[in-house]
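Below you'll find the structure, written out as structure tokens, and then a few comments.
Residue numbers (my numbering): 7 to 286.
Below, the structure is given as structure tokens:
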């Protein structure tokens, strides 16, 4: 067999392996549904999602030449992912299809970074619940917005810490002369992973904001309530302002320490305020 034939055979083999990996991984993730959440909506430890799905996602991203890093996560990076998870999954807990889209995007199986959860689904599920009082839907909506309000700034705080650490990590890497090339590649990939994760969470937060606006507009027409609309609109406006501040709070500008400028000795410049010796 010629070299061309061998190359073609290897290429076909890799393509087949990639397709097989994608099909099996997608089936596994869909059968497992979305990653479970624990207290306060943060990601709950789960072997299937934390190990199996993560490893399959890593293999798939590697086959697609995406950013892949097998470095151990720092405590801050773990917290970043846990806090971000609850802002990525759909606002309506019943939207398991959307939650699986979020899980697939998290693992890297969806090429489109804006693989969207339909914001209108939030109200679809909100109105489908049969409450005794129509006011209850407003209460649920307001509670969801308040919950997001409490989660956003703590997420940005840890995101800022991680991104600053990444800058320091790259500077430390640049100072080292004998570094394993694969290790250096993994470090740079981790930095890109962290930045991409923060970007992803902020995009998802924008979709949540859209979902809440759609719900408020629909409730105002379907089950009018002047006081509840006022409260919901006020909560939405507070959340919107917080959302607009996120880029400045999440993405830190790394401030370098001011350089210490040595002051010249007074030996060469005269002594304090003494006058010059008069010339004859």
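Think of the CB as a built atom: it goes at the ideal place given N, C-alpha and C, for glycine as much as any other residue.
| Query | Result |
| --- | --- |
| Spatial neighbours of residue 172 within its chain, please: CB distance less than 7 Å, with the 5 preceding and 5 following residues excluded, ordered by chain position. | 197 and 200 |
| Under the rule that 16 or more other beta-carbon atoms within 10 Å means buried, what is residue 150, buried or exposed? | buried |
| Quick check: the Cα distance between residue 225 and residue 152, rounded to an integer number of angstroms? | 18 Å |
| In the DSSP assignment, the alpha helix (DSSP H) including residue 129 goes from what residue to what residue? | 127-134 |
| Beta-carbon separation of residue 221 and residue 129 under 7 Å? | yes |
| Can you tell me where the alpha helix (DSSP H) with residue 138 in it begins and where it stops? | Note, residue 138: premise wrong, no alpha helix (DSSP H); not H, not E. |
| Taking the alpha carbon of residue 205 as the point to measure from, which residue in 161, 242, 238 and 239 has its own alpha carbon closest? | 161 |
| On a Cα-Cα basis, can you pick out the residue from 203, 246 and 218 that is closest to residue 86? | 203 |
| Measuring straight from C-alpha to C-alpha, what distance separates residue 82 and residue 168? | 6 Å |
| Would the beta-carbon of residue 125 fall within 7 Å of that of residue 213? | yes |
| Taking a contact to mean a Cβ-Cβ separation below 7 Å, would you say residue 154 touches residue 245 in this structure? | yes |
| Which whole-angstrom value describes the C-beta separation of residue 179 and residue 170, a residue pair presumed to lie in contact below a C-beta threshold of 8 Å? | Wrong, their Cβ atoms sit about 15 Å apart, outside the cutoff. |
| As a quick exercise: from 159, 242, 227 and 191, pick the residue whose alpha carbon is nearest that of residue 251. | 159 |
| Residue 218 by DSSP, collapsed to three states: which one? | helix |
| For residue 229, collect the residues of the same chain with a Cβ closer than 6 Å to its Cβ; drop the 5 residues on either side in sequence, then sort them by chain order. | 140 |
| Using CA atoms only, rank isn't needed, just tell me which of 215, 189 and 237 is closest to residue 75. | 189 |
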